[in-house]
Structure formats: structure tokens, C-alpha cells
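See below for the structure under consideration.
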Amino acid sequence: MTKLLVSVRNVAEAQIALQHGADLIDVKEPHQGSLGRAAPEVLQEIADVVAGQLPLSCALGELGEHIDDATYEAIGRYSFAKIGLAGASQIADWQRQWTDAVRQFPQSVRPVG
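Okay, structure coming up:
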């Protein structure tokens, strides 16, 4: 069965996605790149609006970009979080860095590379 993933940048877009049949809402900030991370407060506000009605996913940027504690805390109600691997072949210990990053995810969040 085909499902509809809708990428959003803010609460207003998330509300539209909810009203129009999205099956999964994916939060990202395209001004920060194709896997640009939204601000922690945006991640939290969208989780508040969606309130478990649909699964949520979010982009956390590319491997090697610092992810702060507020972001890790904000994704507690998300089902998936993505960390991009663009340029990972240039990072000698990319596997360790990726593993270290996803170990900080809340237990309910599944990592996507």
C-alpha cells in the first residue's frame, strides 16, 4: 500500500498536512540543506500539534554537524530521525560518529542514514 509522506517546515504546514491526508509528517528546514535540521522549538511545536495522530520523522543534518541536547530532547515523540551521510567517505571514522549520534536518540526514535 502506498502512503503519503509530507515534508513540512513549521506548524502551519504540519496542520495542512494533517488535514489533507498525510500518513507521515517529515520535518526539515530546506534553507539548511536537503536534510536541514529545524530548530528544536519547531520540532517540539510540530510534535505538540500532531500529538500522536501520525508518525513523525525529522532531518538532523549531515554527519559531522553538531546536534545539540535541545534537539535530541525535542525529538522524543518522533518515530524516525535522519542523519545524512553526504561526504561520509571523507570521514575516517564515520561509522563510529554515526553510531555515537544515534545512541543519543530517545529510545523510541529509529535512525535513518
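Taking our numbering, the leading residue of the sequence shown gets 2, the next gets one more, and so forth.
Here a beta-carbon is modelled for each residue, glycine too, at the ideal position from N, C-alpha and C.
* To do: Using beta-carbon positions only, say whether Leu57 and Ile84 come within less than 8 Å of one another.
  => no
* **Coarse secondary structure for Ile68, derived from DSSP in three states** => coil
* To do: Please go through the segment 16-66 and give each complete beta strand (DSSP E) segment of 3 or more residues, from N-terminal end onward.
  => 25-28, 57-63
* Can you check DSSP and say which residues form a bridge with Ala13? => The partner list for Ala13 (beta bridge, DSSP) is empty, contrary to what the question assumes.
* Residue range of the unbroken alpha helix (DSSP H) whose run includes Ala102 -> Looking at the DSSP string, the run of the alpha helix (DSSP H) that includes Ala102 is 95-104.
* **Whole-number beta carbon distance between Val110 and Ile76, since they are thought to touch under 8 Å** => 6 Å
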